[in-house]
Structures are given as structure tokens and as C-alpha cells.
Amino acid sequence: MNEKMVKYAVFNNKGGVGKSTIAVHIAHGLALDGYKVLLVDMDGQNDASLFLGFTLQDYKKTFYNLIDERRNTKLEECLIHARDNLDLLPSGSIDLMNTELFRVSRIDLVLEEKLNDLKSFGYDFVIIDCGPQRSKVNDAVLCYVDGIIIPVQLQAASVRAVGNIYEYLSDMRLNSGMIKLIVPNMFDQRTNDSKENLKLMKEFIADDHLLTEPIHRRVKIAEAGKLGKTVFEYDDESARQFLSIVKKVISRYAQEE
Ligand SMILES: Nc1ncnc2c1ncn2[C@@H]1O[C@H](COP(=O)(O)OP(=O)(O)OP(=O)(O)O)[C@@H](O)[C@H]1O
Ligand SMILES: [Mg+2]
Numbered sequence: 003m004n005e006k007m008v009k010y011a012v013f014n015n016k017g018g019v020g021k022s023t024i025a026v027h028i029a030h031g032l033a034l035d036g037y038k039v040l041l042v043d044m045d046g047q048n049d050a051s052l053f054l055g056f057t058l059q060d061y062k063k064t065f066y067n068l069i070d071e072r073r074n075t076k077l078e079e080c081l082i083h084a085r086d087n088l089d090l091l092p093s094g095s096i097d098l099m100n101t102e103l104f105r106v107s108r109i110d111l112v113l114e115e116k117l118n119d120l121k122s123f124g125y126d127f128v129i130i131d132c133g134p135q136r137s138k139v140n141d142a143v144l145c146y147v148d149g150i151i152i153p154v155q156l157q158a159a160s161v162r163a164v165g166n167i168y169e170y171l172s173d174m175r176l177n178s179g180m181i182k183l184i185v186p187n188m189f190d191q192r193t194n195d196s197k198e199n200l201k202l203m204k205e206f207i208a209d210d211h212l213l214t215e216p217i218h219r220r221v222k223i224a225e226a227g228k229l230g231k232t233v234f235e236y237d238d239e240s241a242r243q244f245l246s247i248v249k250k251v252i253s254r255y256a257q258e259e
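Counting the sequence shown from 1 gives a position; our numbering is that position plus 2.
If you want it as C-alpha cells, here you go:
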């Protein structure tokens, strides 16, 4: 049994800001560094799975089968071996999962209970890719994890919307200290707009050690996703940027109890 298993959600209420991209790259980066990682795809569009090259045909059972009381599914039946040191847990029907979770009386305990077996799998990290917006699934994920990683697209509206995440946590009676890293994404060196929004973010985030280096906007990042590859397998330049985020995650891991 592993002594220390740290669980992070990659979350932002806003859609299309890079949650799945960043979840996949943190997960694969940690795995390449020798950590044992489980990536949980809780985004209804299955993007995290697609970015790693897996489609519905590759799924055996999914997280939904674990939540569905009528079936007696074991966690190991759902896992896909995605890369060395990296397993993937696909979500399946996110709408049905939300409906199922409306019936649950203790949303704060439901994932702890359903994923109880995980403790014996020896994972160092569980990285959960969340869908956007408030939902029962996201309520359950945020209650379950030890920390939150927030990708923010470098656009004024996205930077201002970071406040909504703090509000969500407060409504859930969760501590904003759970926010471990904020990752500015889609930085464009050529535009003043990107630089101004990065500056705005630095002003907005009081605790500046939360903020990572920005990930640049690069066509190769989107291309890699479409090919089912990570940038570690496709583009050295982006790989360097993601590795600096991975390093920060590892240093936070070292600080966890
Ligand atoms: N730094 C980047 N440079 C170029 N393209 C990027 C970058 N980050 C993400 N993308 C692309 O932008 C799109 C949205 O990214 P992604 O799917 O990771 O966002 P998301 O927040 O998970 O979206 P959703 O809310 O729909 O789940 C994808 O096509 C992805 O390949
Ligand atoms: Mg996504």
C-alpha cells in the first residue's frame, strides 16, 4: 500500500480553457518522472481519453459503472493502461452520473467510498480532469480531492472569472487553500493583450506562489491532442513548458502531509 497518494482536480467553471490538456500533461509528465499516476476522466466529452489516444471502443467498464449501485463493478475492471506508470479511468455517461449523484445523501463522501480500493493500487497521484460548470459530479470531485489545479486562459473574461471558482468552493464549504496551482494557458508572446492579461492575473492572485509559468499557445499542442499523443511525444518546445508545471506539482507533493 502506498504511503502517500495525492489527489488533484484540474478544474475551472469555464469551458475550453485547457483543463483536459493540462490534466493529461501533468499526469503524463509525472508518469515519465517515475511516479505512478491515475488519470480520471470526469469530463463528459472524454477529451482526456482522446488526447491519450483512447476512444469509446477501448473502454471496458467506466466510472459510471462504479457509481451505478445496480452493478457490482470492481475498479480494476475499469482501468486502461495508457502509458508506462499511467492508468486511465474513463467516466462514461456523465449525465447519468449526475442523475445518480442527485440521489446520494453525502456527496462529500461518495467518491471516497466508491474509490476506496484505490489505496491499494500504489498510485502516487490521482489527477482528475473535470468538465466545466457546477455539477453534482464536480461537487463530488471537489470534496474528494486534496488540491485543485486551475488552468486559466489568458483572456480578460477568463481572468475575471477566476473569482467564480472561489465562490463555488465557498458555497461547498471548502477552503480556498485547496487551490494549489494556477496555470495561465494560451499565452501569446506576440500580443499585448496576452501580456496585459498575465499582468492582470498576477494582480488578481494575491498569493503569487500559486501562479506557474504560462503555457504558450502553440498549434502543436492541439495537433498532438488530435493525434492522441502528448507533447512529450510530439513537441519538445511545449514539453519544456509542461515540465516546469510538473516540477511545481512535484514540489507541492513533497509538502503534502
Ligand atoms: N496552449 C495551447 N495552445 C494551443 N491549443 C491549446 C492550448 N491549450 C489547449 N489547447 C486546445 O484548446 C482546446 C481546448 O482545450 P481543452 O480541451 O484542454 O480545454 P477544456 O478546458 O478541457 O475544455 P472543456 O471545458 O470543453 O472540457 C483543445 O482543442 C486543445 O487542444
Ligand atoms: Mg476538458
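We put the CB at the ideal spot given by N, CA and C, even for glycine.
Unbroken beta strand (DSSP E) stretches of 3 residues or longer found wholly inside the segment 186-211: none. In the three-state reduction of the DSSP assignment, residue 180 falls in the helix class. Beta-carbon to beta-carbon, residue 202 and residue 241 are separated by about 28 Å, too far to satisfy the 8 Å threshold. With respect to residue 46, residue 67 sits apart: the two C-beta atoms are not nearer than 8 Å. With a cutoff of 7 Å, residue 247 does not count as near ligand 1, since its C-beta is closer than that to no heavy atom of the ligand. In terms of side-chain proximity, the C-beta atom of residue 188 is found nearer than 7 Å to a non-hydrogen atom of ligand 1. Residue pairing by DSSP places residue 90 opposite 41, 82 in a beta bridge.
Each of 62, 188, 147 was checked against the Cα of residue 110, and the nearest Cα belongs to 147.
Per DSSP, the beta-bridge partners of residue 10 are 129, 149. Beta-bridge partners of residue 218 (DSSP): 189.
For ligand 2, a non-hydrogen atom lies closer than 7 Å to the CB of residue 47. Rounded to the nearest whole angstrom, the C-alpha separation of residue 161 and residue 16 is 10 Å. A straight-line Cα-Cα distance of about 43 Å links residue 191 and residue 103.
A Cβ-Cβ separation of about 18 Å leaves residue 41 out of contact with residue 19 under the 8 Å criterion.
Under the 10 Å beta carbon count, residue 23 is surrounded by 16 or more other beta carbons and is classified as buried. Set against 7 Å, the gap from the CB of residue 27 to the closest heavy atom of ligand 1 is not smaller. Here residue 154 is buried: its Cβ has 16 or more other Cβ atoms, across all protein chains shown, within 10 Å. Rounded to the nearest whole angstrom, the CA to CA distance from residue 70 to residue 115 is 13 Å.
According to DSSP, residue pairing for residue 154 in a beta bridge involves 186. Counted as a single uninterrupted DSSP element, the alpha helix (DSSP H) harbouring residue 101 occupies residues 96-104. When distances are taken from the beta-carbon of residue 22 to the heavy atoms of ligand 2, the shortest one is below 7 Å. When the five nearest sequence neighbours on each side are left out, the beta carbons in the same chain lying within less than 7 Å of the beta carbon of residue 138 are those of 100, 103, 104, 109, in order along the chain. In this structure, the C-beta of residue 210 stays at least 7 Å away from each heavy atom of ligand 2. Counting the other Cβ atoms within 10 Å of the Cβ of residue 211 gives fewer than 16, which makes it exposed. Taking 7 Å as the cut-off, one finds no heavy atom of ligand 1 near enough to the beta carbon of residue 30.
With a contact defined as Cβ atoms closer than 8 Å, residue 13 and residue 129 miss out at about 11 Å.
Residue 229 counts as exposed, since fewer than 16 other beta carbons sit within 10 angstroms of its beta carbon.
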